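Read the structure below first, then the notes.
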Amino acid sequence: MSILKIHAREIFDSRGNPTVEVDLYTKKGLFRAAVPSGASTGIYEALELRDNDKTRYMGKGVKRAVKYINEFLAPALCNQVSQKLLSISIKQLHLHWWPRI
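Be aware that the sequence shown starts at 60, since it is given in the working numbering, and climbs by one per residue.
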C-alpha cells in the first residue's frame, strides 16, 4: 500500500499548546495523528522542534516542523510503500533538512 499524500498542520493539544497533526492518505483512506508533547521531558523522549518565535504562542509554535513535513518529508515519502517503515525512517535521517529551514 503506497502513501498517496501527507499533509501537516499546526493544532492545539488538550493543554492549549501548539502541536503537529498529520493526515496520511492511502488507497484505504485517510489516517490522522496528532503528536502532543508530554508533560515531562526525560532523556529517552523525542526532542521537540519549536519555532522559538516569542510573538507566537510564547515561542511554542510548530510552523517550522509543519513546513519540514509538508515541503521535505511528504514529497520524499509519497509513493513509498507504507509497510517499509524502517526504510522510511532511514530515508528521514538522510534528508539533511535542518540547515534548509
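Virtual Cβ for every residue (Gly too), placed ideally from N, Cα, C.
Here the structure is a predicted model, which means the values were calculated and not measured.
Length of the line joining the Cα atoms of residue i and residue j
i, j, result
"residue 99", "residue 123", "22 Å"
"residue 88", "residue 97", "29 Å"
"residue 73", "residue 132", "26 Å"
"residue 128", "residue 76", "19 Å"
"residue 108", "residue 135", "20 Å"
"residue 94", "residue 63", "21 Å"
"residue 138", "residue 116", "35 Å"
"residue 67", "residue 125", "5 Å"
Cβ pair residue i, residue j closer than 8 Å
i, j, result
"residue 120", "residue 80", "no"
"residue 60", "residue 78", "no"
"residue 65", "residue 83", "yes"
Buried or exposed (CB count within 10 angstroms, at least 16 for buried), residue i
i, result
"residue 53", "No answer is possible for residue 53: the residues shown for the chain start at 60 and end at 160."
"residue 114", "exposed"
"residue 106", "exposed"
"residue 92", "exposed"
For residue i, the three-state DSSP class (helix, strand or coil)
i, result
"residue 65", "strand"
"residue 130", "helix"
"residue 84", "strand"
"residue 79", "strand"
"residue 123", "helix"
"residue 157", "Residue placement at residue 157 cannot be trusted, given a pLDDT of 49 that sits under 50; the coordinates are not used to answer."
"residue 5", "Shown here, the chain extends from 60 to 160; a query on residue 5 therefore has no answer."
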